[in-house]
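When the letters of the sequence shown are read in order and numbered with the working numbering, they come out as residues 3 to 135. Written below as structure tokens is the structure these notes are about.
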Amino acid sequence: MADRPAPWPAAAPPPPGYLPPQRDQQLPSSYPGLPPRPVYREPHPVSALAVVSGLAATTVWFALFGSLGRDLASYAWWTIGAAVSAWLVSLLLAVLGDRGMAVGVAVASGAGLSLAMGFVAARWIGTQDWPLW
3 MADRPAPWPA AAPPPPGYLP PQRDQQLPSS YPGLPPRPVY REPHPVSALA VVSGLAATTV
63 WFALFGSLGR DLASYAWWTI GAAVSAWLVS LLLAVLGDRG MAVGVAVASG AGLSLAMGFV
123 AARWIGTQDW PLW
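Shown next as structure tokens:
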């Protein structure tokens, strides 16, 4: 059986200044005037409650506008009008108001418009007649 090789020598400690200072250690006196590290925070944080409120309000908005339509064409046009006005409100909320509410309004209006356009596309595919004219 072969002899065991000699173990590796222990690693030498790194040279001074190689490792960053630990939290409990103070910086050397050669750095006296450094300001503390900045902490970046969102000035207007988005909360989940605001997003859900925007979703709920826009769902009611689309239900009210959609109920005004008598057939698919009028439903689609009312939904397009509701989506355009909701996007304008969302833009206004994003600039001046609550960003969470703006996100909820934008998401719900996109979903509502997609649903209406899905109905329009299904009618168009099924009958080969564009229902919005």
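Positions of the beta carbon are idealized from the N, C-alpha and C atoms, including for glycine. Please read all numbers here as calculations on a predicted model, not as lab measurements.
Unbroken beta strand (DSSP E) runs of no fewer than 3 residues, entirely contained in the segment 19–101, are not found. Taking the CA atoms as reference points, Thr-81 sits about 44 Å from Val-41. DSSP, reduced to helix, strand and coil, places Arg-6 outside both helices and strands of the structure shown, so it counts as coil.
Our two residues, Val-105 and Ser-116, have alpha carbons roughly 16 Å apart in a direct line.
The DSSP-derived three-state label of Ala-14 is coil.
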